[in-house]
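In what follows, a single structure is set out as structure tokens and then discussed.
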Amino acid sequence: MYVELFQEMVCTVLEKESHLFTASEQTCLSSFFSLEYDARYLFVRLLQRKRDQWYRLGKLGYEADVGDMAQAAHDLCRPFAAPSTSQESAPPEFAYASTCELYRFAMMDTEMDGGLPARLSLLTVDELRLVAKRLGRKPQGTRAELTARLLAKPSNATLFAQGRELRMTMSATQERLEAAITMIMQGGCIQLIPSVVLLMERLALVYYRGKPALGTMLTAAVLHRTHKRHFPVYTYQRTPDLFASREALLRYECALQAAEQMDDLVDELRARPAAAREGVQLWEAWHAQWVNALSDVAQQYPHGVPRATYPRLRFHAGWPLTRVMFKACECFARLGERERERHVLTQLLAQRSFWRGRRGAWHERLALVTAQCQNAAAALTCCHAALADPDTHMVYQSSLERRIARLESRLRVPKDERHQPRSKLHAPTVDLLTATRLDTPARRGALRTMWRGAQNEDCTVEELCLAQYAQQGYVGYHCEGQLVHFVCVLLLWDVLFTPIAGAFEMPYQRGPLDWATDLFYTARRDAIEAQLTDIATTGGLGILDAVDARERPRQTYAVGCRWDEYPRETLRHFAECLGGPALATLCRVLCQGDGLTMAGFPDLSLWRYPDKQVCFVEVKSPNDRLSEVQRVWIDILHRAGLRVHVARVQAETMPA
Numbered sequence: 001m002y003v004e005l006f007q008e009m010v011c012t013v014l015e016k017e018s019h020l021f022t023a024s025e026q027t028c029l030s031s032f033f034s035l036e037y038d039a040r041y042l043f044v045r046l047l048q049r050k051r052d053q054w055y056r057l058g059k060l061g062y063e064a065d066v067g068d069m070a071q072a073a074h075d076l077c078r079p080f081a082a083p084s085t086s087q088e089s090a091p092p093e094f095a096y097a098s099t100c101e102l103y104r105f106a107m108m109d110t111e112m113d114g115g116l117p118a119r120l121s122l123l124t125v126d127e128l129r130l131v132a133k134r135l136g137r138k139p140q141g142t143r144a145e146l147t148a149r150l151l152a153k154p155s156n157a158t159l160f161a162q163g164r165e166l167r168m169t170m171s172a173t174q175e176r177l178e179a180a181i182t183m184i185m186q187g188g189c190i191q192l193i194p195s196v197v198l199l200m201e202r203l204a205l206v207y208y209r210g211k212p213a214l215g216t217m218l219t220a221a222v223l224h225r226t227h228k229r230h231f232p233v234y235t236y237q238r239t240p241d242l243f244a245s246r247e248a249l250l251r252y253e254c255a256l257q258a259a260e261q262m263d264d265l266v267d268e269l270r271a272r273p274a275a276a277r278e279g280v281q282l283w284e285a286w287h288a289q290w291v292n293a294l295s296d297v298a299q300q301y302p303h304g305v306p307r308a309t310y311p312r313l314r315f316h317a318g319w320p321l322t323r324v325m326f327k328a329c330e331c332f333a334r335l336g337e338r339e340r341e342r343h344v345l346t347q348l349l350a351q352r353s354f355w356r357g358r359r360g361a362w363h364e365r366l367a368l369v370t371a372q373c374q375n376a377a378a379a380l381t382c383c384h385a386a387l388a389d390p391d392t393h394m395v396y397q398s399s400l401e402r403r404i405a406r407l408e409s410r411l412r413v414p415k416d417e418r419h420q421p422r423s424k425l426h427a428p429t430v431d432l433l434t435a436t437r438l439d440t441p442a443r444r445g446a447l448r449t450m451w452r453g454a455q456n457e458d459c460t461v462e463e464l465c466l467a468q469y470a471q472q473g474y475v476g477y478h479c480e481g482q483l484v485h486f487v488c489v490l491l492l493w494d495v496l497f498t499p500i501a502g503a504f505e506m507p508y509q510r511g512p513l514d515w516a517t518d519l520f521y522t523a524r525r526d527a528i529e530a531q532l533t534d535i536a537t538t539g540g541l542g543i544l545d546a547v548d549a550r551e552r553p554r555q556t557y558a559v560g561c562r563w564d565e566y567p568r569e570t571l572r573h574f575a576e577c578l579g580g581p582a583l584a585t586l587c588r589v590l591c592q593g594d595g596l597t598m599a600g601f602p603d604l605s606l607w608r609y610p611d612k613q614v615c616f617v618e619v620k621s622p623n624d625r626l627s628e629v630q631r632v633w634i635d636i637l638h639r640a641g642l643r644v645h646v647a648r649v650q651a652e653t654m655p656a
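So the sequence shown is numbered by the UniProt record's numbering: it starts at 1 and just counts up by one.
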């Protein structure tokens with residue numbers, strides 16, 4: 001199975017995208033098919049393991065699938081081509097993509113760099129002690145002490161004279177040590193050649209149109225083949241020119257690595273102060289390439305990027321590099337370098353090629369930083385520019401208008417010349433709840449508070465609220481919008497998996513590649529509106545029942561689907577209580593995407609079936625404030641005719 005799935009992946013990529021690989025790379029890939037089955041199986045299974053590691057042949061556990069492990073390893077280490085000393089069509093900045101090592105698939109520990117010290121590092125401490133005993137050395141001590149003792153020159157070594165030089169021969173001792181290591185290792189250790197692994201990862205990148213979403217490069221295929229995951233049924237068609245050239249692919253690959261590195265550094269900002277400076281250095285290293293990427297797109301589309309073409313830019317190097325740029329702003333903010341942050345934000349807003357959905361956040365941050373630099377007039381200009389920008393999501397409009405009001409007040413703008421808010425977000429109903437908080441010393445360092453429930457049990461604040469609303473006849477979940485998302489996906493199923501160019505590029509997708517973006521709605525406007533009209537007039541229960549009956553037995557692994565958590569009756573009751581018009585509104589919001597995800601959706605989804613009532617509840621402590629995206633969701637739900645409450649929970653007493 002593993003071999004077959006890997007071969008399918010190789011054939012799929014090379015069928016129409018072989019131009020992305022050099023002659024040496026294609027030779028390497030084609031040579032794989034010439035290997036005996038045992039060697040191919042061993043190679044594919046090693047690909048699924050952690051890279052750049054040495055693995056004991058005797059401990060891999062593949063005996064049931066590989067007849068002769070030693071022969072399979074030998075075949076992988078045998079050259080299939082002559083070693084090359086030159087790189088093929090790789091620009092200097094892509095030196096890592098060198099093909100000079102693409103002449104064999106693996107190597108054994110006897111060939112590893114570092115000689116005996118490196119081989120000893122592959123042994124456990126107990127094995128080092130066993131080797132020491134066999135060589136008559138002291139078997140006690142730490143790993144470092146044992147290694148030093150085994151590598152030490154013996155005091156009784158023989159000196160040989162040749163002419164006027166004296167030299168000490170260590171060959172006999174080294175041979176004994178090597179023999180002992182080989183015996184302990186039971187067949188030796190094997191490692192895949194790093195450049196070969198890099199090639200296979202590049203192959204997977206092309207196949208999956210990005211990093212594999214599920215673990216290793218074959219995880220999704222294996223789960224599907226073994227019936228542990230059932231992906232949705234749809235028609236897919238690969239775009240052969242998604243990467244225009246090998247150089248474009250390499251630039252995209254490098255940019256992805258830089259974006260991942262920047263994400264890691266930003267995640268470390270609080271715990272490791274030095275990460276901010278390292279993030280700035282990474283920004284400095286890639287800024288010029290980002291500017292070049294912008295120039296490349298401008299030359300390719302001098303009149304602007306067409307909306308139909310925009311999705312393809314996700315596979316341009318400029319897309320991940322733009323992420324490096326706006327993530328670097330968090331590093332500048334941490335270091336207090338406001339002017340540099342302003343400069344980067346201004347550059348980001350000067351382009352519309354990449355990450356348009358982030359423009360609202362960039363506008364808002366630029367206005368804040370500009371105001372902090374004591375330039376209220378410029379900050380006011382930033383806010384007006386943000387509201388005039390068609391790519392500014394509605395999530396940011398209310399906060400921008402509040403900032404405009406503050407800035408106009410500071411600048412003493414005449415009242416008749418001040419900005420008039422477009423709309424005011426609806427304020428939710430506030431419910432005040434009191435309960436006993438269990439703030440014991442053991443729990444003070446915990447991330448979540450615990451409370452005493454009605455039955456004197458320990459519970460979370462959300463569980464406490466569920467119990468309180470249950471007294472009013474409501475049932476529901478603390479799911480933060482998962483239930484709404486699930487119902488909407490089922491109602492939109494046929495639209496979601498309609499064949500659209502560029503939406504389905506491979507067989508293992510949970511949804512179209514443009515899902516949760518503004519492009520999803522644009523590409524399917526007519527089909528979506530027809531479906532929403534049907535949902536609004538009929539209530540959508542017939543659609544829900546039909547899709548659920550078809551997909552639930554398969555437990556289809558589609559976006560938003562949580563079959564085990566929400567039974568069919570729950571979905572039906574919830575949808576019936578929501579009603580057709582409200583369901584159509586929620587489906588439209590999800591289809592239009594535009595950067596609004598389920599993040600910020602109220603914590604609790606509740607319904608009361610007898611009188612068909614629905615209530616969404618955001619749980620807060622008395623001093624917590626609603627985030628901007630939470631305010632927007634509350635307003636959307638209110639406009640859909642649904643009840644939205646904020647439950648503010650406060651402690652009535654503190655235990656002694």
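A virtual CB, placed ideally from N, CA and C, is assigned to each residue, including glycine. In this text the structure is predicted, and so the values were computed from the model without any measurement.
Between residue i and residue j, what straight-line distance do the alpha-carbon atoms span, to the nearest angstrom?
| i | j | result |
| --- | --- | --- |
| D52 | R202 | 16 Å |
| P610 | F486 | 23 Å |
| V13 | E101 | 22 Å |
| Q237 | P512 | 12 Å |
| P421 | M394 | 13 Å |
| L335 | A276 | 7 Å |
| R49 | G67 | 20 Å |
| L166 | Q191 | Its pLDDT being 43, under 50, L166 is placed unreliably in this model, and the coordinates cannot settle the point. |
| R221 | Y234 | Reading the sequence as shown, one finds Ala at residue 221 and not Arg. Each residue's alpha carbon lies about 16 Å from the other. |
| C459 | R452 | 6 Å |
| R176 | Y62 | 30 Å |
| M185 | M217 | 29 Å |
| Q531 | K211 | 33 Å |
Nearest to residue i by alpha carbon, out of the options?
| i | options | result |
| --- | --- | --- |
| V649 | D534, C465, A582 and R568 | C465 |
| A454 | A435, E462 and L120 | A435 |
| V324 | T460, A546, A386 and C254 | C254 |
| Y41 | A221, M1 and A23 | M1 |
| L626 | A599, A379 and E337 | A599 |
| F21 | A204, A82, R176 and L120 | A204 |
| T570 | P390, E417 and S605 | S605 |
| L491 | D267, C591 and W607 | C591 |
| L637 | E268, R588, A152 and E652 | R588 |
| A70 | P83, E36 and A82 | E36 |
Give a yes or no on whether the C-beta atoms belonging to residue i and residue j are separated by under 9 Å.
| i | j | result |
| --- | --- | --- |
| F80 | Y557 | no |
| C373 | R342 | yes |
| H426 | V644 | yes |
| P117 | T147 | yes |
| G215 | R56 | no |
| D109 | L128 | no |
| A64 | A39 | no |
| A536 | A470 | no |
| L256 | R209 | no |
| L519 | R307 | yes |
| K612 | E576 | yes |
| D603 | E462 | yes |
| R104 | I193 | yes |
| S399 | E618 | no |
According to DSSP, simplified to helix, strand and coil, what is residue i?
| i | result |
| --- | --- |
| V206 | helix |
| I190 | strand |
| T434 | strand |
| M217 | coil |
| R422 | coil |
| Q650 | strand |
| Y55 | strand |
| H74 | helix |
| V547 | helix |
| L450 | Here residue 450 is Met; the residue named in the question, Leu, does not match the sequence. Coil, per DSSP. |
| F616 | strand |
| A157 | Because the pLDDT at A157 is just 49, under 50, the model does not fix this residue reliably, and the point stays unresolved. |
field: Every unbroken alpha helix (DSSP H) within the region 356-407, with a cutoff of 4 residues, ordered by chain
entry: Counting only runs of 4 or more, we get 359-372 and 376-388.
field: Contiguous alpha helix (DSSP H) assignments of at least 4 residues, all confined to the region 553-591
entry: 568-578
task: Taking only runs that begin and end inside the region 453-524, name each unbroken beta strand (DSSP E) of 3 or more residues, in chain order.
output: 475-478
message: Just to confirm the assignment: which complete alpha helix (DSSP H) runs, minimum length 4, are found wholly within the region 306-350?
response: 318-335 and 338-349
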